[in-house]
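Numbering (the numbering used here), first residue to last: 60 to 882. Beneath this line is the structure, given in structure tokens, with notes to follow.
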């Protein structure tokens with residue numbers, strides 16, 4: 060019967076797909092399509108140092124006007140592809156951080172960099188631009204100003220001095236978007252030194268931080284994170300750890316790593332320091348802040364191995380920090396003026412005076428290099444004042460808001476295309492050398508004022524001249540300068556001995572003269588606290604997609620900034636993650652409920668809300684620099700506001716982790732230090748049990764040669780996310796964007812899980828990096844239908860990409876959920 064016949068021959072869905080697939084494949088094979096022909100062109104005269112497909116390494120340094128780090132750069136076939144820290148540098152000892160690792164991608168940012176000079180939006184040749192600007196400079200009656208972020212290059216300072224010699228009415232104004240000017244002024248007030256000392260966290264037994272995220276952003280994070288990790292290392296030869304206390308309003312990477320993190324409102328910092336100072340000097344009258352006595356007790360206990368630091372740009376706070384550190388005996392031990400830092404030399408009052416001078420028509424020409432004041436100066440004051448300047452020139456390498464309102468844009472190359480030298484601290488110097496020819500029609504910004512000053516030498520010659528006259532005599536290893544120069548290029552760093560600075564003697568009245576011991580009143584107002592995010596910092600790298608997609612170490616949010624509020628405040632205001640609130644008059648941000656946030660405080664990241672930086676960053680987040688204030692000559696990143704107002708619900712935020720507790724499971728094994736000293740296996744009882752009772756259906760594999768393994772010391776891991784970006788750079792992992800992250804399709808090959816333990820409002824934080832575990836009996840290998848995933852005879856999980864057919868079984872079967880599918 061027809062019906063029976065149909066039933067007996069009915070094809071299944073699987074058979075149907077098989078036949079369709081075969082049909083389509085046959086059609087594709089027989090269609091006559093050809094694979095594109097790619098030709099390899101050999102060198103006619105191959106450079107001696109170049110071997111095709113073999114990488115070369117060059118020493119250089121990263122400095123963007125803010126962060127500094129000595130690096131080595133991997134170059135393959137003429138293209139820089141990977142950054143590593145320079146192990147030869149005694150400053151960082153091979154350390155880097157996320158923004159340094161990601162900077163190699165910015166080199167290839169064709170949409171976010173200027174390709175040639177411009178005059179009022181139209182292309183112009185270098186010759187015509189130089190001629191027109193020189194004519195304008197000669198005609199201008201007003202003062203001329205070179206505005207930069209901190210310059211740590213002695214050769215660049217020489218260039219500026221030559222320009223001043225040609226144009227005597229020139230001023231050099233230095234400012235930093237995130238300012239440390241109060242620290243310099245406090246050191247000048249108390250010690251007569253307008254310097255920032257070098258901090259030795261590795262010498263400290265007691266570390267106390269006040270709103271200073273020294274493991275991620277503060278001053279020299281790559282250096283301080285390496286030093287700090289040494290104080291957390293324990294083993295058979297070292298059974299002590301530093302005690303770390305952190306007082307801050309929000310929750311930072313540094314606070315998450317502290318032994319005790321105490322949430323305080325901004326005004327409480329001065330109260331605690333003031334109370335501790337009174338107790339230590341025997342002037343206590345009772346009634347000090349509840350934490351002041353605890354701080355004073357710990358300082359007395361640890362003495363000269365104490366280190367107290369503050370990230371608050373307030374001269375009163377910094378003077379008190381200096382006074383307490385001196386009472387403890389920290390100078391010469393954990394605080395070192397011998398190697399004082401040259402970073403962050405900006406002066407807030409100079410910037411404000413510049414704005415006033417522009418408004419009053421006193422400035423005839425403004426040359427801006429490595430700075431973006433139209434974006435990071437609060438409000439519209441700088442932009443409007445700029446309209447009264449006759450000649451405005453930007454020497455920026457990347458698109459930015461300031462360049463767009465300048466008359467001329469004379470683009471500078473990326474630092475990997477440039478020559479420069481650096482002196483980040485006394486006794487530490489280095490040379491920045493190009494590792495690739497400029498990709499665009501650019502010119503180093505230092506060459507521009509050098510040429511305008513009438514010099515016949517280029518900037519590279521100025522650098523060599525300085526090093527021959529100033530640096531070469533500081534050593535006795537080389538008798539010929541050429542050999543010394545080549546050695547410095549190869550090493551990337553030169554660290555001559557410097558005379559030891561005398562232990563500073565403070566002006567004992569300085570603390571009182573600042574008004575620090577005045578009565579500090581409490582406040583019931585809400586406060587906003589602005590901070591630098593681990594990914595974007597002050598926003599100058601906002602157009603880097605690797606950094607935009609790097610999750611915040613604590614909240615696990617990417618592609619946005621947000622308003623962090625405490626759980627109690629969120630409950631009171633009926634707020635949930637993603638709800639929008641209005642802070643102040645016009646700032647609107649989505650909420651993230653953050654444990655251990657101080658009550659009635661709102662933490663918000665700087666660096667977002669760019670309007671002119673490239674298609675990656677434009678429209679991402681809100682510019683919170685508008686919320687900064689200038690008070691008594693110093694820029695403040697804290698201000699009181701009214702109660703935030705909920706304006707709408709549920710923004711679509713990109714979270715990479717939505718479960719925050721281990722639920723009592725031993726995902727991360729922990730123990731207390733005294734228990735570990737008594738029994739080094741403390742905390743690993745479950746591991747010991749499983750090793751003893753291991754049962755498996757798979758045969759034991761004997762590795763005759765090597766059996767590779769990797770161990771991560773969770774006691775030293777800070778959760779900084781540097782490794783996440785390093786993984787992305789090494790493996791060329793793609794960015795997926797906000798929407799795909801929301802769909803849980805983020806492609807990072809390595810992630811860092813963050814868990815909260817203990818009290819809901821005041822939890823302990825633990826970080827756990829997770830990457831491919833290269834399991835001996837890997838579940839991803841067992842389920843692959845085409846054996847694309849296999850195990851090597853040295854214990855490595857391997858993938859044969861051209862065998863993969865895209866079933867994604869491997870990803871679904873990974874118990875650690877770190878397998879990524881990128882077919």
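For glycine and all other residues, C-beta sits at the position ideal for the given N, C-alpha and C.
If we count Cβ pairs, one from each stretch, closer than 8 Å, do we get three or more for the region 587 to 606 versus the region 545 to 555? no
Residue 328 and residue 290 - do their beta-carbons sit closer together than 9 Å? no
From the DSSP output, read off the bridge partner residues of residue 250. DSSP lists no partner for residue 250.
Looking at C-alpha atoms only, which residue of 413, 855, 369 and 235 is the closest neighbour of residue 764? 855
Going residue by residue through the region 100 to 176, where are the continuous beta strand (DSSP E) segments of at least 3 residues, counting only ones entirely within it? 114 to 122, 127 to 135 and 138 to 144
On a CA-only basis, which of 543, 697, 385 and 597 is nearest residue 59? Give me that one, please. Since the first residue shown for the chain is 60 and the last is 882, residue 59 is missing from the structure and cannot be characterised.
Specify, as a first and last residue, the run of the beta strand (DSSP E) that residue 870 falls within. No beta strand (DSSP E) holds residue 870; the alpha helix (DSSP H) holding it covers 868 to 871.
Tell me which same chain residues have a C-beta within less than 8 Å of the C-beta of residue 647, skipping the five on either side of it? 639, 640, 641, 681 and 706
Minimum C-alpha distance to residue 298 - residue among 734, 831 and 249: 734
Counterpart residues of residue 662 in DSSP-defined beta bridges: 588 and 623
Three-state secondary structure (DSSP) of residue 492: coil
Within 10 angstroms of its Cβ, does residue 599 collect 16 or more other Cβ (buried), or is it exposed? buried
Inter-residue spacing [alpha-carbon to alpha-carbon] between residue 85 and residue 861: Low per-residue confidence applies at residue 85: pLDDT is 49, beneath 50, and the placement is therefore not dependable, though the value from the model is reported in the following sentence. Roughly 19 Å separates the two Cα atoms.
Inter-residue Cα distance where the pair is residue 331 and residue 351: 5 Å
Please work out which residues of its chain come closer than 7 Å, Cβ to Cβ, to residue 869, disregarding the five sequence neighbours upstream and downstream, and give them in chain order. 839, 842, 843, 848 and 878
Simplified DSSP assignment, three categories, for residue 480: strand
Which parts of the region 282 to 356 are runs of the alpha helix (DSSP H), unbroken and 4 residues or longer, counting only runs that do not cross its ends? 312 to 316 and 327 to 339
From residue 553 to residue 144, what does the alpha carbon distance come to, in whole angstroms? 15 Å
Helix, strand or coil at residue 376 [DSSP, three-state]: helix
Closer than 8 Å is the cut-off here; do at least three beta carbon pairs connect the region 145 to 162 with the region 774 to 783? yes
Counting only the same chain and skipping the five closest in sequence on each side, list residues whose C-beta sits under 6 Å from that of residue 872. 838, 839 and 842
Neighbourhood of residue 875 by C-beta distance below 7 Å, restricted to the same chain and skipping five residues each side: 829 and 832
Around the Cβ of residue 395, are there at least 16 other Cβ atoms within 10 angstroms (buried) or fewer (exposed)? buried
Quick one, which of 468, 273, 135 and 482 has its alpha-carbon nearest residue 179's? 468
Residue nearest to residue 800 in terms of C-alpha spacing, selected from 615, 559, 756 and 678: 615
Integer-rounded CB distance, given that residue 272 should sit under 8 Å from residue 8: Look at the range of the chain in this structure, 60 to 882, and you will see that residue 8 is not part of it.
Since I believe residue 171 is in contact with residue 458 (beta carbons under 8 Å), could you give me their beta-carbon distance rounded to a whole number of angstroms? 5 Å
Terminal residues of the alpha helix (DSSP H) in which residue 218 lies: 213 to 225
Exposed unless 16 or more other CB atoms sit within 10 angstroms - verdict on residue 803: exposed
Report all residues from its chain with a CB closer than 6 Å to the CB of residue 621; omit the five preceding and five following residues, and keep chain order. 648, 649 and 651
Cβ of residue 202 within 9 Å of Cβ of residue 405? no
What does DSSP give as the partner residue(s) for residue 857 in the beta ladder? 849
Under the assumption that residue 407 contacts residue 238 (Cβ atoms under 8 Å), give the Cβ distance between them as a whole number of angstroms. 5 Å
First and last residue of the beta strand (DSSP E) that includes residue 647? 646 to 652
Which of the three DSSP states is assigned to residue 880 in this structure? coil
Look up residue 423 in the DSSP assignment and say whether it is helix, strand or coil. strand
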